[in-house]
Structure formats: structure tokens, C-alpha cells
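Peer 1: In terms of the numbering used here, the sequence shown opens at residue 65 and continues consecutively.
Submitted below is the structure of interest, expressed as C-alpha cells.
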Amino acid sequence: MRQGVVRFAFIAAAMAGLALLSACTTTAPTTPQGVRTEAAKPRPAVAPSPAAPELPTDEVATIPSVFPRPELLAGEVPREFQRGTASWYGPRFNGRRTASGERFDMTEFTAAHRTLPFGTLVRVHSLVNGRDVDVRITDRGPYAGNRIIDLSRAAAEELGMLGLGFKEVVLMVPESTPDVAVTPPPARKPMRKPRRPAPAARN
């Protein structure tokens, strides 16, 4: 009987020790089988968009009014020659022979003037929009109204006068251009010969 009591007490003490030991021990959380854990990836940093460059407020884009050409009055200083109205001629006269002997080509920068020598370079300055165009004299005219120069279609287009027809201009010529009359002298009318009296009738 006494041995049974001792055995029971020993078993009870052992169980109490195991309970105390399990209470003091902490277990790490376990991950369910088959589930992978991935570390949170940091989001890529978004680079700030570059700020648009600020343009100076006083900077104005300039567009040339005419296309540059190599002659430009042969590099000479221009002088004013004449003021008046400019006109232009195109398809109806294209291909015809001019007063200088050249064939008129409306796509070239040429013009007709009453007195300037053939081949003279003339800068035509518009008093309407301020544009300039350089032309070469190859023909004579115009002879209508107060017009002082007839431009080819290409020159008129560059001067911005196709829709206008006529435009007030200033003609500039190189300094070395010889002085010529602005308008040709009036043509002299041929003198009429006096009529001879009719012979008297014979009786």
C-alpha cells in the first residue's frame, strides 16, 4: 500500500514538471506547407518629369519674308531709284521672247522696266508689307497708268502681291548703276510732208 502511494506521488510530480516546462517554452509560428512567402518588393522610384525650359518673353521668332538668293544686288549698297506701283505678268506671256531677247520664264526672278539697262539687278521693296525681292531686268514696260515695274509671277508671289494685283513699291538699284531717266522721253511724231497741190486741170 505504501509503495503505491509513493508511485502515484512520483507520477503526479513528473506530470506537474512537464506542464510547467511546456508553459515556459515558446514556439515559433509555423508557415503552412505549400505557401511561399516573398519579401515585399519596393516600388521603383518614378523619376520626376523634366520641367519645360522657360523661353524669354522678349524673344520673338523671326521668319524671313523672302528666300535668300546669291545675287542680292551683287553685294553693293543700294540706292533709291523710283517709287510707284508694281504689277506682275505670268502664264499668258510665259515662253514669249522679251525685249532683251530672252524667253520669259514666270518662275524666275525677272522684271520689265521702261529705262533700266537689261541685266540690272533691282531690289523691289513693298510699302504694304515691308517685303523685299531682287529681280533682273529682262524686258521693257509697263506702259499703262502709273505702273513703274512689271514683275514675274515668282517675284510677285515672293513679294506677297498675287492676291492684290498692284502694290506700292520702292525700287532700289546698286550704287554703280548708271543714271538713266525714270521714264523714256516721249516719242517724236514724224513730221508730215506738205501735200503737193493738185495739177490744174487742162482745158
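Cβ atoms here follow ideal geometry from the backbone N, Cα and C, with glycine treated the same way.
Only a predicted model underlies this, so the values are computations on that prediction, with no experimental measurement involved.
Could you pull the start and end residues of the beta strand (DSSP E) that R161 belongs to?
Peer 2: Mapped onto the sequence shown, residue 161 falls at position 97. Segment: none, R161 is in no beta strand (DSSP E) and carries neither H nor E.
Peer 1: Rank T247, D198, P242 by C-alpha distance to the C-alpha of S216 and give the top, closest one.
Peer 2: Stepping through the sequence shown from its first residue, residue 216 is reached at position 152. Cα-wise, what sits closest to S216 is D198.
Peer 1: Tell me whether D203 is buried or exposed, calling it buried when 16 or more other Cβ atoms sit within 10 Å of its Cβ.
Peer 2: Within the sequence shown, the letter at position 139 stands for residue 203. Answer is buried; the Cβ neighbour count reaches 16.
Peer 1: Which first and last residues belong to the alpha helix (DSSP H) in which R204 is found?
Peer 2: By 1-based counting over the sequence shown, the position of residue 204 is 140. That residue, R204, is in no alpha helix (DSSP H); it is neither H nor E in DSSP.
Peer 1: Roughly how many angstroms lie between the CA atoms of P206 and F168, to the nearest whole one?
Peer 2: Start at 1 with the first residue of the sequence shown, and residue 206 comes out as number 142. Start at 1 with the first residue of the sequence shown, and residue 168 comes out as number 104. Approximately 15 Å, taken between the alpha carbons.
Peer 1: Say whether the region 159-167 touches the region 219-231, bearing in mind that this needs 3 or more beta-carbon pairs closer than 8 Å, one atom from each stretch.
Peer 2: Because the criterion of three Cβ pairs below 8 Å is not met, the region 159-167 and the region 219-231 do not touch.
Peer 1: Kindly indicate which residue of I212, G154, E166, W152 has the alpha-carbon position closest to the one of V247.
Peer 2: For this step, residue 247 is matched to residue 183 along the sequence shown. Position check: residue 247 holds Thr in this sequence, whereas Val was assumed. Comparing Cα positions, the closest option is I212.
Peer 1: Which of the three DSSP states is assigned to L223 in this structure?
Peer 2: Numbered from its first residue, the sequence shown carries residue 223 at position 159. Looking at L223 - three-state DSSP - the assignment turns out to be helix.
Peer 1: Rounding to the nearest angstrom, what Cα-Cα distance links L180 and I201 in this structure?
Peer 2: Within the sequence shown, the letter at position 116 stands for residue 180. Within the sequence shown, the letter at position 137 stands for residue 201. So the two alpha carbons sit approximately 7 Å from each other.
Peer 1: For L191, tell me which candidate among N158, G154, M236, Y153 has the shortest Cα-Cα distance.
Peer 2: Along the sequence shown, one-based indexing puts residue 191 at 127. Comparing Cα-Cα distances from L191 to each of N158, G154, M236, Y153, the minimum goes to M236.
Peer 1: Where does A176 sit, in a helix, a strand or coil, going by DSSP?
Peer 2: By 1-based counting over the sequence shown, the position of residue 176 is 112. A176 falls in the strand class under three-state DSSP.
Peer 1: Going by beta carbon distance, what residues of the same chain come within less than 8 Å of G209, once the five residues before and after it are set aside?
Peer 2: For the purposes of this step, residue 209 is taken as the residue at position 145 of the sequence shown. Around G209: T149.
Peer 1: Under a three-way DSSP split, which group does F182 fall into?
Peer 2: Numbered from its first residue, the sequence shown carries residue 182 at position 118. Coil.
Peer 1: A219: which of D243, R178, T174 sits nearest, CA to CA?
Peer 2: The residue you call residue 219 lines up with position 155 of the sequence shown. For the residues D243, R178, T174, the minimum Cα distance to A219 belongs to T174.
Peer 1: Who are G148's beta bridge partners in DSSP?
Peer 2: Counted from its first residue, the sequence shown places residue 148 at position 84. According to DSSP, which records beta bridges pairwise, G148 is partnered with V233.
Peer 1: Starting from the C-beta of T171, find all residues in its chain whose C-beta is less than 8 Å away, skip the five residues before and the five after it, and write them out in chain order.
Peer 2: Mapped onto the sequence shown, residue 171 falls at position 107. Contacts found: S216, R217, A218.
Peer 1: In three-state terms, what does DSSP make of P142?
Peer 2: Along the sequence shown, one-based indexing puts residue 142 at 78. Looking at P142 - three-state DSSP - the assignment turns out to be strand.
Peer 1: Assuming R211 is part of the beta strand (DSSP E), what are its boundary residues?
Peer 2: Mapped onto the sequence shown, residue 211 falls at position 147. Run containing R211: 211-216, per the beta strand (DSSP E) assignment.
Peer 1: Please report the distance separating the alpha-carbon of F157 from that of G183.
Peer 2: Position 93 of the sequence shown, counted from the first residue, corresponds to residue 157. Position 119 of the sequence shown, counted from the first residue, corresponds to residue 183. Going from the Cα of F157 to the Cα of G183 covers about 19 Å.
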